[in-house]
Amino acid sequence: MSREHEWVDEEAGPVVRPYAVARGRTRSSSAALDLLATVAGTGLPVPAQAELSAQHRRILGQVARGRGTPVAEVASDLNLPVGVIRVLLGDLLDYGLIQVRQPPSRADTPTENLLREVINGLRAL
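With the numbering used here as the guide, the letters of the sequence shown map in order to residues 182 to 306.
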């Protein structure tokens, strides 16, 4: 029997538990991979020593297409739990195949008062 996916039917998908996809790991190697962080491919070639699974390659295919994809969106698009995606993204980060950008901090976002002043100024025009 092939070690490829064993299918129950088209809708059920592969019979592989999430912990098996992450090779039994539950934590990412990087704390930077929170739900709002965005990830993008670096475009570097896959190192010879890298052991990438089909899910790793699916992630690379998805994040290589855009300027940055939130971690939560990667999980949703690939239909895998966020915890598994964070572990797999940590692997890719360790190999230098992705880069992580943190969302702007609350201190960097405009305050409600500033936004109201801008709106009032625009209305006054």
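We put the CB at the ideal spot given by N, CA and C, even for glycine.
Beta-carbon separation (whole angstroms), residue i vs residue j, contact threshold 8 Å
i	j	result
D275	V252	Not quite, the Cβ-Cβ distance comes to about 16 Å (not below 8 Å), so this is no contact.
Q280	A235	Q280 to A235, Cβ: 22 Å. No contact.
L217	P284	4 Å
Collapsed DSSP secondary structure at residue i in the structure displayed
i	result
M182	Because the pLDDT of M182 is 44, which lies under 50, any placement of that residue in the model is unreliable, and the question is left without a value.
Q230	coil
Q236	helix
W188	Since pLDDT at W188 reaches only 49, below the 50 mark, its modelled position is unreliable, and no value is offered.
L296	helix
A245	coil
L269	helix
A213	coil
L259	helix
L303	helix
Residue i CB to nearest heavy atom of the ligand NAD below 7 Å
i	result
L233	In the structure on display, the ligand NAD does not appear, and there are no ligands present to speak of.
Cut-off 7 Å between Cβ atoms - residues of its own chain near residue i, not counting five sequence neighbours on either side
i	result
T308	Only positions 182 to 306 of the chain appear in this structure, which leaves residue 308 out of reach.
L269	A203, Q236, H237 and I240
L258	As written in the sequence, residue 258 is Asp, which differs from the Leu given in the question. Excluding positions up to five away in sequence, the list reads Q243.
A231	Y276
Beta-ladder partner(s) of residue i, from DSSP
i	result
I279	G222
P251	T219
Contacting residues, own chain, Cβ-Cβ under 6 Å from residue i (five flanking each side not counted)
i	result
S183	With a pLDDT of 47 at S183, under the threshold of 50, the modelled position of that residue is not reliable, and the figure given next carries that caveat. No residues qualify anywhere along the chain.
A213	V281
A263	Ala is not the amino acid found at residue 263; the sequence shown has Val there. Excluding positions up to five away in sequence, the list reads A256.
Given 8 Å, three or more beta-carbon pairs between the stretch 225–240 and the stretch 261–276: yes
Could you say if the stretch 231–245 and the stretch 288–298 meet the contact criterion of at least three C-beta pairs nearer than 8 Å? no
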